[in-house]
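Numbering (this note's numbering), first residue to last: 1233 to 1629.
By construction, the Cβ of each residue, glycine as well, lies at the ideal position given by its N, Cα and C atoms.
From a predicted model like this one, the values you see are computed outputs, not experimental measurements.
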Amino acid sequence: MSELALRAEKLDSADELAGVRARFVLDDVVYLDGNSLGALPAAVPGRVEDVVRRQWGSLRIRSWGESGWWTAPERIGDLVAPLVGAAAGQIVVGDSTSVNVFKALVGAVRLAGGPESGRDEVVVDATTFPTDGYIAESAARMTGCTLRAVTPAEVPDVLSERTAAVLLNHVDYRTGRLHDLPGLTSAVHAAGAIAVWDLCHSAGALPVGLDAHGVDLAVGCTYKYLNGGPGSPAYLYVRREHQDRFDSPLPGWNSHAEPFGMRTSYEPAPGALRGRVGTPDILSMLALEAALEVWDGVSVEAVRAKSLALTDFFLECVSAYVDEGRVECVTPRAHAERGSQVALRCENADDVMRRLIERGVVGDFRHPDVLRFGFTPLYVGFADVERAARVLGETLI
């Protein structure tokens, strides 16, 4: 056994989160794609069966009240809240990330006063996941604003009295770079604008601190590090001080102050509930609620500490096992600039990832030449990391 393999065993034996792995359905594959789709929590199948057979099958319509279906968006939002550093009553779960980005960004422009107040510019992360860019362009056009795309590092220099809202990603989906949420939020506020953050690649992987850092609005998915399942509903955070003025561009009956009044005029519900739109997607939402049980007794701080240890160890193993010059790390080495993934640039990356998967190491590929490896500390161990790097080295020979 190699020295690195021995070290991996010792690290796993000392890992305070090692026992959490048993809360998931896993096999002998090294699964490093939790930054795209988290593994299945063991509690989910039984919960979904109960929802289908008993709550839907037997109770039927009564489950809206008796099984808590109606209050699920805010109840599950309160389970997500501590994972992103938010107090209860500020997050609702529902709709897709894309829909929530739209709600948040249009709502942000309206909070800022929009073009009527002279704030006629929306700033967006030029390196963002494409959907955020598409929606930012549409939201700007619909609100009468112009769109300005810049890198996160350039944001402070382009802010002005014209800036209405700024949409940024906490972690870059390609490279795993962690952006400065506190500093950039402060800069946005100094310009009098509204800060909107996409947390898809950070929630469940590292501390976010929405309340502590004064974030105005935030969105995120739940199927990555929160392990909610394919297509599980996203969430919308509306800071408490903005809730009475948050004007959603999608005023559905579920966000009405009197949803069963069936009134023709719209009156928004109080608080974060006005972020709701239509009937909740109950099956996937309650699967997510069961999935979030894996966080019982687990702190985000412990997850972050293990994440950094895992990614450090992976980079060390890659240096030892992969011939020099075969890969280039594009993820920052500094802890303050790294999320919970490592991105390696190499030739024929798509073919390399295919061969890794054939040998039981699952990551993913991003065009044109990036291998992505996501590290979910709840179920990834140090032996997994050593094996993944070793197989990568053997694949690149």
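Taking Cβ to Cβ, would you say GLY1326 is nearer than 8 Å to VAL1509? Here residue 1326 refers to the residue found at position 94 of the sequence shown. Here residue 1509 refers to the residue found at position 277 of the sequence shown. Yes, these two residues count as a Cβ contact at 8 Å.
Integer Cβ distance of ASP1265 from ASP1596, believed to fall under 8 Å: Sequence index remark: in the sequence shown, residue 1265 carries index 33 (1-based). Sequence index remark: in the sequence shown, residue 1596 carries index 364 (1-based). With 8 Å as the limit, ASP1265 and ASP1596 qualify as a contact, their Cβ atoms being about 5 Å apart.
Between the stretch 1257–1273 and the stretch 1493–1508, can you find at least three pairs of beta-carbon atoms closer than 8 Å? no
Roughly how many angstroms lie between the CA atoms of GLY1452 and ALA1381, to the nearest whole one? Numbered from its first residue, the sequence shown carries residue 1452 at position 220. Numbered from its first residue, the sequence shown carries residue 1381 at position 149. Rounded to whole angstroms, GLY1452 to ALA1381 spans 21 Å at the Cα level.
Measure the C-alpha to C-alpha separation of PRO1483 and LEU1400 and round it to an integer number of angstroms. Reading the sequence shown from its first residue, position 251 is the one you call residue 1483. Reading the sequence shown from its first residue, position 168 is the one you call residue 1400. So the two alpha carbons sit approximately 24 Å from each other.
Taking only the alpha-carbon atoms, compute the straight-line gap between VAL1356 and ARG1477 and give it to the nearest angstrom. Taking the first residue of the sequence shown as 1, we reach residue 1356 at position 124. Taking the first residue of the sequence shown as 1, we reach residue 1477 at position 245. C-alpha separation (whole angstroms): 23 Å.
So who's on the other strand from THR1454, going by DSSP bridges? For the purposes of this step, residue 1454 is identified with residue 222 of the sequence shown, where counting begins at 1. BP columns for THR1454 are empty, so no partner.
Specify, as a first and last residue, the run of the beta strand (DSSP E) that GLU1235 falls within. For the purposes of this step, residue 1235 is taken as residue 3 along the sequence shown, with counting starting at 1. First-last for GLU1235: 1235–1245, but that is the alpha helix (DSSP H), not the beta strand (DSSP E).
Looking only at its chain, what residues have a beta carbon closer than 6 Å to the beta carbon of THR1360, apart from the 5 residues adjacent to it on each side? Reading the sequence shown from its first residue, position 128 is the one you call residue 1360. Closer than 6 Å at the Cβ level, and outside the excluded window around THR1360, lie ASN1401.
Same chain only: Cβ atoms within 6 Å of LEU1524, ignoring 5 sequence neighbours per side: Your numbering for residue 1524 matches position 292 in the sequence shown. Counting only Cβ-Cβ distances below 6 Å, and skipping sequence neighbours, we find LEU1311.
When DSSP builds the beta bridges, which residues end up paired with TRP1429? For the purposes of this step, residue 1429 is identified with residue 197 of the sequence shown, where counting begins at 1. According to DSSP, TRP1429 bridges with LEU1400, ALA1450.
Is the beta carbon of VAL1428 closer than 8 Å to that of LEU1337? Start at 1 with the first residue of the sequence shown, and residue 1337 comes out as number 105. Start at 1 with the first residue of the sequence shown, and residue 1428 comes out as number 196. Going by C-beta atoms, LEU1337 is nearer than 8 Å to VAL1428.
For a quick check, are the C-beta atoms of ILE1426 and ALA1450 less than 8 Å apart? What you label residue 1426 is simply residue 194 of the sequence shown in a count that begins at 1. What you label residue 1450 is simply residue 218 of the sequence shown in a count that begins at 1. No, these two residues do not count as a Cβ contact at 8 Å.
Taking its Cβ as the centre, do 16 or more other Cβ atoms sit within 10 Å of LYS1242, making it buried, or is it exposed? Here the question's residue 1242 lines up with position 10 in the sequence shown. Burial call: exposed.
Count the other CB atoms within 10 Å of the CB of ALA1371; is the residue buried (16 or more) or exposed (fewer)? Counting from 1 along the sequence shown, the entry for residue 1371 is found at position 139. ALA1371 comes out buried.
Residue span of the alpha helix (DSSP H) that contains LEU1547, given as start and end: Counting from 1 along the sequence shown, the entry for residue 1547 is found at position 315. Its alpha helix (DSSP H) spans residues 1532–1553.
Helix, strand or coil at VAL1257 [DSSP, three-state]: Residue 1257 sits at position 25 when you count from the first residue of the sequence shown. Three-state DSSP puts VAL1257 in a strand.
Same chain, Cβ closer than 7 Å to PRO1564, neighbours up to 5 away in sequence not counted: Against the sequence shown, residue 1564 aligns to sequence position 332. Same-chain partners within the cutoff: ARG1409, ARG1570.
Distance CB(LEU1249)-CB(VAL1530) smaller than 8 Å: In the sequence shown, the residue the question calls residue 1249 occupies position 17. In the sequence shown, the residue the question calls residue 1530 occupies position 298. In contact: LEU1249 and VAL1530 (Cβ atoms closer than 8 Å).
Buried or exposed for ARG1619, please, with buried defined as at least 16 other CB atoms from any protein chain shown within 10 angstroms of its CB. The count along the sequence shown starts at 1 and reaches residue 1619 at position 387. By the neighbour-count rule (16 or more Cβ atoms within 10 Å), ARG1619 is buried.
Pull up the CB-CB distance for VAL1316 and TYR1553, whole angstroms please, since I reckon it's below 8 Å. What you label residue 1316 is simply residue 84 of the sequence shown in a count that begins at 1. What you label residue 1553 is simply residue 321 of the sequence shown in a count that begins at 1. Not a contact, Cβ separation roughly 35 Å.
If we ignore side chains and look at the alpha-carbon of each, how far apart do ARG1536 and PRO1512 end up? For the purposes of this step, residue 1536 is identified with residue 304 of the sequence shown, where counting begins at 1. For the purposes of this step, residue 1512 is identified with residue 280 of the sequence shown, where counting begins at 1. Roughly 32 Å between the two C-alpha positions.
Taking the alpha-carbon positions, what's the LEU1624 to CYS1578 distance? Taking the first residue of the sequence shown as position 1, residue 1624 is located at position 392. Taking the first residue of the sequence shown as position 1, residue 1578 is located at position 346. Using only the alpha carbons, I get a separation of about 11 Å.
How many whole angstroms separate the CB atoms of GLY1507 and LYS1335, which I take to be in contact at a CB cut-off of 8 Å? Within the sequence shown, the letter at position 275 stands for residue 1507. Within the sequence shown, the letter at position 103 stands for residue 1335. Their Cβ separation, rounded to whole angstroms, is 6 Å, which keeps GLY1507 and LYS1335 in contact under 8 Å.
Cα-Cα separation, MET1374 to PHE1256: Locating residue 1374 in the sequence shown gives position 142, where the first residue counts as 1. Locating residue 1256 in the sequence shown gives position 24, where the first residue counts as 1. Computed Cα separation, rounded: 43 Å.
Comparing alpha-carbon positions, which option in ARG1604, VAL1252, HIS1567 lies nearest LEU1576? The count along the sequence shown starts at 1 and reaches residue 1576 at position 344. Checked all of ARG1604, VAL1252, HIS1567; the closest Cα to LEU1576 is ARG1604.
Between the Cα of GLY1376 and the Cα atoms of SER1349, LEU1391, PRO1362, VAL1390, which residue gives the shortest distance? Reading the sequence shown from its first residue, position 144 is the one you call residue 1376. Cα-wise, what sits closest to GLY1376 is SER1349.
According to DSSP, ALA1575 sits in a beta bridge with which residue or residues? The residue you call residue 1575 lines up with position 343 of the sequence shown. Paired residue(s): ARG1604.
Among residues of its own chain, excluding the 5 on either side of VAL1390, which ones have a beta-carbon nearer than 8 Å to its beta-carbon? Indexing the sequence shown from 1 puts residue 1390 at position 158. Contacts found: VAL1355, ARG1380, VAL1382.
Could you tell me the alpha carbon to alpha carbon distance between ARG1598 and PHE1614, rounded to whole angstroms? Taking the sequence shown and counting its residues from 1, the one referred to as residue 1598 is at position 366. Taking the sequence shown and counting its residues from 1, the one referred to as residue 1614 is at position 382. Cα-Cα distance, rounded: 25 Å.
Evaluate LEU1238 with the Cβ neighbour count: other Cβ atoms within 10 Å of its Cβ, from every protein chain shown; 16 or more gives buried, anything less gives exposed. The residue labelled residue 1238 in the question sits at position 6 within the sequence shown. Exposed.
Less than 8 Å between the beta carbons of VAL1262 and GLY1592, yes or no? Against the sequence shown, residue 1262 aligns to sequence position 30. Against the sequence shown, residue 1592 aligns to sequence position 360. It is a contact, given that the beta carbons lie within the stated cut-off.
Just the C-alpha distance for THR1417 and GLU1235, rounded to the nearest angstrom, thanks. If you number the sequence shown from 1, residue 1417 lands on position 185. If you number the sequence shown from 1, residue 1235 lands on position 3. When rounded, the distance between both Cα atoms is 44 Å.
Let's see if you can read the secondary structure: which residues bound the alpha helix (DSSP H) around TYR1366? For this step, residue 1366 is matched to residue 134 along the sequence shown. That run of the alpha helix (DSSP H) goes 1362–1375.
In this structure, how does DSSP classify THR1303 when only helix, strand and coil are distinguished? Here residue 1303 is taken as the residue at index 71 of the sequence shown, counted from 1. If DSSP states are grouped into helix, strand and coil, THR1303 belongs with coil.
Going by beta-carbon coordinates alone, are VAL1526 and PRO1314 separated by less than 8 Å? For this step, residue 1526 is matched to residue 294 along the sequence shown. For this step, residue 1314 is matched to residue 82 along the sequence shown. Contact: no.
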